[in-house]
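Residue numbers (my numbering), protein chains in the order written: chain Z, 2 to 295; chain S, 15 to 531. The beta carbon of each residue, even a glycine, is placed where N, CA and C say it ideally should be. In this text the structure is predicted, and so the values were computed from the model without any measurement. These notes concern the structure reproduced below.
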């Protein structure tokens, strides 16, 4: 049996610091919102001429008075991603096309064009925030129906930890937040909950079974009993996600990365956050039996 | 938990087979209407354009209030009520009257039978709101009035947008209302939406008006620029003809001048007016104005009584074709703005399909190998369930002809990763049970029973997330939540029916064997 409980304190300190750092990052550095949430234009180009590179493309576009243009390679040397804020310039894509054709010859294929107006991006951001809030709220309701309040609190603390730290990591690394990241965060919420609930189920079962074991020891027993399941499921989910990350194409990279972080944090938090909340609230057999009587 | 009746086994087999056949129908062509269903590919996979258009209703509201000015004046004139100082600003019409008439005006606006201010019985609301302060009146559209106005301009705009897109002849466009002032257009297979965008961006409000020098005339005049920006003209506000009078418009090569023109023919009313205007206005210039810009302003040389004519204006064949198309399909009630556009080229779509399929295949193989190494014979059972899970999931998507997006494929891959969770929970529990229980059958039975709540919990939490995503998410994200959500049901089915059935068959043949799992 692994003594997970030996490290409860240390990992709690680590998690609290991670959450604080993440919150600081989110407040001061903020998130790198993509055009879905900030508005603007995104163009994915593929060139047939290998001589064209990021800087020549950037030089060309900077003459077009588009404001702050970001140009970078996307996946490989001949694919480019261009992003800029589009201030009401309606036919800008047509102009860019003409301009590039003039300067480089017809050597570009416009693979993807996305243009999101300021009104739509504000709405998308709002509905994303609402979606995550509703998800957290529903999980809260579900767990509240299923378990005693101490367990609910533990699960929710773990959940917030996972979401905040994942977003903090995205802020730290400057990774882009777009619609698919919202989907990833929601899936993380589901996954983290799922992991926590499986361990809690076992804790509650053991609480009924043993009246003489303290919660500090009991959580450790429960973690160990469910450990192989926790690991196997995490591994299969990670295998699937790594496969999306490496082979699923550029579009899904951010999504799968967020999910990979989320699964790792989710697994960690159900062991080291959710359980320690039970320990700190001094949950005992009475907690479970009182509920049963009701 | 371990008993299966014969009937049930047959039932499970039949259901599985049914879904497998549907899943396979994506690969083969069956000669059967019911069987020959296919999953739709989303715009991100097959390439295409997604446009969200917003109707700018402000000009419509202003126009309606402007028209109301005349109506109100005439209406109260009959009742001997004097109204003065009409002013229109900020979508509010204001006017003044005297103390004696105040109540009459307010009563007329408040009456449920009022012709001036229609009352919507259904919504218990008038079309207009009126506020009075010191004989100073302010009239504006009520909340319900605005909603009605928006709905009706949305209906009209939808019809015009559909006509314009149909004229271009793209395959299977999807044109839908969104809210009460937006229109969603999905154009599969279209990799260059420039032309459609420029066609949808034009209101196509066509008028024929005389060019004047007299800015004071009874209708007023305005200075308008020419389309090509070369000159300006003062054009009367009196409309001789408008686009509504057009029956048809076609691009044509005018061999005489060797240029492309748009020929048009007018309805009876239009032909009559056109004839009259051209007979009285010989020598004058008639401006052809489209969306506030003059296309051309030819001098009238002869009376045109045939009800047909042509517009020249230095067109290319393409621009003449587009103008004719716009004139044929009619004017939009209000300007449309493209507030969101997402276009994916067909080759990127194909790349995404390939990448998605490779990721699915590799993820699938990795998970299957891992599970086989972990559980050996029960790993094979889990894997059979997993493969069937995939087939059933694809089968269900096929039956409903659901739309598969790239995030949708990610959802399928994620389902593969998470689907084994239920079997893992069961098998781990059985292992624990076997430590204290020597009878294989009893251990397996209680393993299934005791793991059930955890499995349900796990799946309900994921399902909640998927449902929220489905209702809050847009486009591709919906595709993700769809596959993730359906994946939960197929997982539960394959775990509790297929994997369990196979487990039961194996265990009942090896009742006495030790270290079974």
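### Query
Contact check, residue 12 (chain Z) vs residue 221 (chain Z) under 8 Å by CB: the rounded distance?
Counting from one through the first chain, the residue named residue 12 (chain Z) turns up at place 11. Counting from one through the first chain, the residue named residue 221 (chain Z) turns up at place 220. In fact, because the Cβ distance is near 13 Å, the residues do not count as touching under 8 Å.
### Chain-ordered neighbours of residue 159 (chain Z) on chain S, where CB pairs are closer than 9 Å
The count along the first chain starts at 1 and reaches residue 159 (chain Z) at position 158. Ordered by position in chain S, no residue passes the 9 Å Cβ test against residue 159 (chain Z), which lies about 12 Å from the chain.
### Message
For chain Z, check one thing: does any of its Cβ atoms lie closer than 9 Å to the Cβ of residue 494 (chain S)?
### Response
For the purposes of this step, residue 494 (chain S) is taken as residue 480 along the second chain, with counting starting at 1. True, the Cβ-Cβ gap to chain Z drops below 9 Å.
### Task
Answer yes if the stretch 188-200 of chain S comes into contact with the stretch 56-74 of chain S, meaning at least three C-beta pairs across the two stretches below 8 Å, and no otherwise.
Cβ pair count under 8 Å is three or more, so yes.
### Message
Taking contact to mean 3 or more Cβ pairs, one atom from each stretch, closer than 8 Å, check whether the stretch 267-282 of chain Z and the stretch 194-213 of chain Z are in contact.
### Response
Counting Cβ pairs under 8 Å, three or more are found: they touch.
### Supposed contact pair residue 219 (chain Z) and residue 208 (chain Z) - C-beta distance, whole angstroms, cut 8 Å
Translated into positions along the first chain, residue 208 (chain Z) becomes position 207. Translated into positions along the first chain, residue 219 (chain Z) becomes position 218. That pair is a contact at about 7 Å.
### Message
As a quick exercise: from S:303, S:293 and S:347, pick the residue whose alpha carbon is nearest that of residue 321 (chain S).
### Response
In the second chain, residue 321 (chain S) corresponds to position 307, counting from 1. Nearest of S:303, S:293 and S:347 to residue 321 (chain S), Cα basis: S:293.
### Message
Run through chain Z and tell me which residues come within less than 9 Å of residue 370 (chain S), C-beta to C-beta.
### Response
As a first step, residue 370 (chain S) is located in the second chain; it is residue number 356 there, counting from the start. Simply 245, 248, 249, 250 and 253.
### Message
For the alpha helix (DSSP H) containing residue 473 (chain S), name the first residue and the last one.
### Response
Locating residue 473 (chain S) in the second chain gives position 459, where the first residue counts as 1. Element bounds for residue 473 (chain S): 454-486.
### Query
From what residue to what residue does the beta strand (DSSP E) around residue 106 (chain S) run?
Residue mapping note: residue 106 (chain S) aligns to position 92 of the second chain, counting from 1. That run of the beta strand (DSSP E) goes 106-110.
### Three-state secondary structure (DSSP) of residue 138 (chain Z)
For this step, residue 138 (chain Z) is matched to residue 137 along the first chain. Correct three-state label for residue 138 (chain Z): helix.
### Query
So, does the CB of residue 526 (chain S) fall closer than 9 Å to a CB anywhere in chain Z?
Locating residue 526 (chain S) in the second chain gives position 512, where the first residue counts as 1. It does not: the Cβ of residue 526 (chain S) has no partner Cβ on chain Z nearer than 9 Å.
### Query
What residues from the stretch 222-240 of chain Z come within 8 Å of chain S, judged by C-beta to C-beta, listed N to C?
Residues of the stretch 222-240 of chain Z whose Cβ lies closer than 8 Å to any Cβ of chain S, in chain order: 226, 227, 229, 230, 233, 234, 236, 237, 238, 239 and 240.
### Query
Which residues, taken in chain order from the stretch 60-87 of chain Z, show a beta carbon closer than 8 Å to some beta carbon of chain S?
Cβ contacts with chain S: none found.
### Message
Comparing C-alpha positions only, which one of S:462, S:451, S:297 and S:417 sits nearest to residue 497 (chain S)?
### Response
One-based indexing of the second chain puts residue 497 (chain S) at position 483. Distances from the CA of residue 497 (chain S) to each of S:462, S:451, S:297 and S:417 were compared; the closest alpha carbon is that of S:417.
### Message
My output table needs one value for residue 191 (chain S): the three-state DSSP class, helix, strand or coil.
### Response
Residue mapping note: residue 191 (chain S) aligns to position 177 of the second chain, counting from 1. The DSSP-derived three-state label of residue 191 (chain S) is strand.
### Query
Which partner residues of residue 12 (chain S) appear in the DSSP bridge assignment?
The first residue shown for chain S is 15 and the last is 531, placing residue 12 (chain S) beyond what the model contains.
### Task
Mind checking which residues open and close the beta strand (DSSP E) that includes residue 264 (chain S)?
As a working note, residue 264 (chain S) is residue 250 in the second chain. It spans 260-268 - the beta strand (DSSP E) in which residue 264 (chain S) sits, taken as one unbroken run.
#### Entry: Whether residue 176 (chain Z) touches residue 258 (chain Z) by CB criterion (9 Å)
Your numbering for residue 176 (chain Z) matches position 175 in the first chain. Your numbering for residue 258 (chain Z) matches position 257 in the first chain. Going by C-beta atoms, residue 176 (chain Z) is nearer than 9 Å to residue 258 (chain Z).
### Query
Taking C-beta to C-beta, are residue 439 (chain S) and residue 460 (chain S) nearer than 9 Å?
Taking the second chain and counting its residues from 1, the one referred to as residue 439 (chain S) is at position 425. Taking the second chain and counting its residues from 1, the one referred to as residue 460 (chain S) is at position 446. Taking 9 Å as the Cβ cut-off, residue 439 (chain S) and residue 460 (chain S) do not qualify as a contacting pair.
### Task
From the DSSP output, read off the bridge partner residues of residue 162 (chain Z).
For the purposes of this step, residue 162 (chain Z) is taken as the residue at position 161 of the first chain. Beta-bridge pairing links residue 162 (chain Z) to no other residue.
### Query
Looking at C-alpha atoms only, which residue of S:457, S:47 and S:505 is the closest neighbour of residue 518 (chain S)?
Reading the second chain from its first residue, position 504 is the one you call residue 518 (chain S). That would be S:457, whose Cα lies nearest to the Cα of residue 518 (chain S).
### Query
To the nearest angstrom, how far is it from the Cα of residue 144 (chain Z) to the Cα of residue 369 (chain S)?
On the first chain, position 143 is the one that residue 144 (chain Z) refers to. On the second chain, position 355 is the one that residue 369 (chain S) refers to. Rounded to whole angstroms, the gap between the alpha carbons of residue 144 (chain Z) and residue 369 (chain S) is 38 Å.
#### Entry: Interface residues of chain Z facing residue 365 (chain S) [CB-CB closer than 7 Å]
Taking the first residue of the second chain as 1, we reach residue 365 (chain S) at position 351. Correct list: 250.
### Message
If we require 4 or more residues per run, which alpha helix (DSSP H) segments fall completely within the stretch 394-463 of chain S?
### Response
Counting only runs of 4 or more, we get 420-450.
### Query
residue 509 (chain S) touches chain Z at which residues, Cβ-Cβ below 8 Å?
Locating residue 509 (chain S) in the second chain gives position 495, counting from the first residue. The contacting residues do not exist; residue 509 (chain S) stays about 13 Å from chain Z at best.
### Query
Span of the alpha helix (DSSP H) holding residue 67 (chain Z)?
Locating residue 67 (chain Z) in the first chain gives position 66, counting from the first residue. That residue, residue 67 (chain Z), is in no alpha helix (DSSP H); it is neither H nor E in DSSP.
### Task
Reducing DSSP to helix, strand and coil, say where residue 247 (chain S) ends up.
Translated into positions along the second chain, residue 247 (chain S) becomes position 233. Three-state result, residue 247 (chain S): strand.
### Task
Anything in the stretch 105-127 of chain Z with a Cβ closer than 7 Å to a Cβ of chain S? List those residues in chain order, please.
110, 111, 112, 113, 114, 115, 116, 117, 118, 120 and 121
### Query
Looking at the unbroken alpha helix (DSSP H) that takes in residue 181 (chain Z), where does it start and where does it end?
For the purposes of this step, residue 181 (chain Z) is identified with residue 180 of the first chain, where counting begins at 1. That run of the alpha helix (DSSP H) goes 180-210.
### Task
Count the other C-beta atoms from every protein chain shown that fall within 10 angstroms of the C-beta of residue 147 (chain Z), then say buried if there are 16 or more, exposed otherwise.
Here the question's residue 147 (chain Z) lines up with position 146 in the first chain. Counting Cβ neighbours within 10 Å, residue 147 (chain Z) comes out buried, since at least 16 surround it.
### Residue closest to residue 104 (chain Z), alpha-carbon to alpha-carbon, out of Z:112, Z:68, Z:50 and Z:119
The count along the first chain starts at 1 and reaches residue 104 (chain Z) at position 103. It is Z:50.
### Task
Could you name the residues of the same chain whose beta carbon sits closer than 8 Å to that of residue 355 (chain S), not counting the 5 residues immediately before and after it, in chain order?
For this step, residue 355 (chain S) is matched to residue 341 along the second chain. Result list for residue 355 (chain S): 63, 64, 65, 66, 207 and 211, in chain order.
### Task
May I ask you to list, following chain order, the residues of the stretch 194-209 of chain Z that have a beta carbon less than 7 Å from some beta carbon of chain C?
Within the model displayed, chain C is absent; protein chains Z and S are what it includes.
### Query
Contact check, residue 295 (chain S) vs residue 310 (chain S) under 8 Å by CB: the rounded distance?
Position 281 of the second chain, counting from 1, holds the residue named residue 295 (chain S). Position 296 of the second chain, counting from 1, holds the residue named residue 310 (chain S). Not really, about 16 Å apart at Cβ, beyond 8 Å.
### Query
Near residue 36 (chain S), which residues of its chain fall below 6 Å by C-beta distance, leaving aside the five closest residues on each side in sequence?
Your numbering for residue 36 (chain S) matches position 22 in the second chain. The residues are 409, 412 and 413.
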